[in-house]
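Novice: Start counting the sequence shown at 4; every next residue gets the next number (the numbering used here).
Each residue gets a CB set at the ideal place from its N, CA and C atoms; glycine is no exception.
None of the values given here were measured: they were computed from a predicted structure.
My questions all concern the structure below.
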Amino acid sequence: MSIQRIYNVISEKDYKEHSQKTRKIVEKANTILRKPRELNERKMFWVYRVLGKDAELKIPKKHINDFQFLIMHILKKPKENRFTDLRSYYKLKEETIDNLKFLLFPDKFPPGGYNEKLKKYGVEFYNPQVILKRLNFKDFIDLYALITYIPLDVKTPFVQDLIDEILSIDPLDTKISLYKKIKEIFKSLGPYEKQMVELQLKNISYYHYRLMSKGTIKGVIIDGSNVVRYNDQESIVRLVDLLDNLYIENMTFFPAIIVFDKNIEYVLKSEDDKDILNKMSEKKRIYFESPADELIVHFSNKLGYYMISQDKFNEYRFDKDKLLELRRFVDE
């Protein structure tokens, strides 16, 4: 491989789509990180998508306020010793800190380990600025897209088929036995194949990445009508978004059950929302019950599943630790 090979790769249709998705992820994480006072555990997931597993494992062990303070310190004066302080505090790898520099200042710093990752193209650069000039890249986000891309000629049909199988996992419909079978196949992969799958999933669906890479998977019951009414929006869009974001700091949720009040159809205002509800109702883990609260708590007590709702269910007996507020799943 050579520079010409890179030119060929970045002209591929798949690469262009990958590059666009990657830019959106990095820019979103950059926007979040540059407003440290607004950081919370939920928003940090966007940051971890770029910083990697080292950060996702170590940073949550400390209080979020510590990370906010250190980032504010860096943004005020981005000196090397301030990055060193953050690295020392969290015991992060050098590559993780390089990725943090890149994420905060993608026009100045290249992503961590870029030269090692460029070796798959048979090239090596000693000056990262040369890369921008030689490849006509806008900034180092383009370089990050290049080093996280899996070229078409190294993707095996098996790996691509497995990615498709993983992405087909539907928390409302997929059998638990099938999910376990897919995860066992993923766990049996070699390090390189596993990395390829994880890189693809991070760009496409962070939820499915967590389903494969995280060990703590729990079932959940969603108070559908409560989510639809969240902030008086009376829209099913919030519920659809929630199904793509069924994870918190230490848990990922599968399978999911949704319980609606029987009058939910009349709560929704738009025909589009009603069409979505109609299609959703065909899935096996959707229930309509009044009062919905009683069935939600019943399922939680019987199955040991967690619950997502803004309600307190004060009139029912259940494990209070299993009630999760919807706001924990929202990026706001």
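Could you tell me whether the Cβ atoms of Lys337 and Glu268 are closer together than 8 Å?
Specialist: Only positions 4 to 335 of the chain appear in this structure, which leaves residue 337 out of reach.
Novice: Does the distance from the C-beta atom of Gln198 to that of Ile166 stay below 8 Å?
Specialist: No, the pair does not count as a contact, with Cβ atoms beyond the cut-off.
Novice: If you count every other CB in all the chains shown that lies within 10 Å of the CB of Leu242, and 16 or more means buried, which is it?
Specialist: Buried, by the Cβ-count rule.
Novice: Taking Leu192 as the reference, give the member of Gln163, Leu181, Ala148 with the closest Cα.
Specialist: The option with the nearest alpha carbon to Leu192 is Gln163.
Novice: According to DSSP, is Leu249 part of a helix, a strand, or is it coil?
Specialist: Coil, per DSSP.
Novice: Pairs of beta-carbons, one from the segment 93-109 and one from the segment 17-25, closer than 8 Å: are there three or more?
Specialist: The segment 93-109 is not in contact with the segment 17-25.
Novice: Buried or exposed: which applies to His66, given that a residue is buried once 16 or more other Cβ atoms fall within 10 Å of its Cβ?
Specialist: His66 is exposed by the Cβ-count criterion.
Novice: Assuming contact is defined by CB atoms lying nearer than 8 Å, are Ile260 and Phe302 in contact in what I supplied?
Specialist: Yes, the Cβ-Cβ distance between Ile260 and Phe302 is below 8 Å.
Novice: At the level of alpha carbons, what is the spacing between Val50 and Leu36?
Specialist: The alpha-carbon atoms of Val50 and Leu36 are separated by roughly 7 Å.
Novice: Using only CA atoms, which one of Thr177, Pro113, Asp244 lies nearest to Val2?
Specialist: Coverage of the chain is limited to positions 4 through 335, which leaves residue 2 absent and any answer about it impossible.
Novice: Whole beta strand (DSSP E) runs in the segment 187-256 with 3 or more residues, listed along the chain?
Specialist: Within the segment 187-256, the complete beta strand (DSSP E) runs of at least 3 residues are 220-226.
Novice: On the premise that Lys286 lies in contact with Asp336, defined as a C-beta separation below 8 Å, what is that separation, rounded to the nearest angstrom?
Specialist: Residue 336 cannot be examined here, being either before or after the span of the chain that is shown, 4 to 335.
Novice: Does DSSP put Ile153 in a helix, in a strand, or in coil?
Specialist: Here Ile153 sits in coil by DSSP.
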